[in-house]
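Numbering (this note's numbering), first residue to last: 254 to 361.
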């Protein structure tokens with residue numbers, strides 16, 4: 254009996270680990286209820302979403318699936334916290350997140 258050799262081709266795909274950067278730790282504005290926030294743009298195999306951490310106080314995220322979006326309706330004298338979460342679309346347990354505080358200070 255002769256020796257037999259078997260070969261096969263295998264493709265290995267290495268997916269990038271997500272990173273999340275919500276920008277500055279805090280944005281303060283005076284008597285201005287609308288904010289623009291910009292997180293990092295996710296890689297092609299990732300998606301990102303903005304969410305509130307804690308109470309939204311009536312504020313709304315205009316486009317939560319876009320890395321640049323507007324948050325409207327932050328009440329004067331209040332702060333809300335947003336979280337930017339980036340997830341690998343092929344493995345949802347691979348995530349990264351970062352938070353930003355939006356503060357609308359009251360006019361004096």
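Beta carbons are placed, not taken as given, at the ideal position from N, Cα and C, and that holds for glycine.
Just checking my contact of residue i with residue j at CB under 8 Å: how many whole Å lie between their CB atoms?
{"i": "residue 284", "j": "residue 341", "result": "About 40 Å separates the two Cβ atoms, so there is no contact after all."}
In chain order, what residues of the same chain lie with their CB nearer than 6 Å to the CB of residue i, ignoring the 5 residues before and after it?
{"i": "residue 291", "result": "276 and 321"}
{"i": "residue 351", "result": "273, 274, 275 and 337"}
{"i": "residue 310", "result": "328, 331 and 333"}
What's the call for residue i, buried or exposed, on a 16-neighbour Cβ count within 10 Å?
{"i": "residue 259", "result": "exposed"}
{"i": "residue 335", "result": "buried"}
{"i": "residue 288", "result": "buried"}
{"i": "residue 255", "result": "exposed"}
{"i": "residue 271", "result": "buried"}
{"i": "residue 294", "result": "exposed"}
{"i": "residue 263", "result": "exposed"}
Let's see if you can read the secondary structure: which residues bound the beta strand (DSSP E) around residue i?
{"i": "residue 299", "result": "299–306"}
Between which residues of its own chain and residue i is the CB-CB distance below 7 Å, once the five residues before and five after are set aside?
{"i": "residue 302", "result": "317, 318 and 338"}
>> What ranges does the alpha helix (DSSP H) occupy inside the segment 306–337, keeping only unbroken runs of at least 4 residues that lie completely in it?
In response: none
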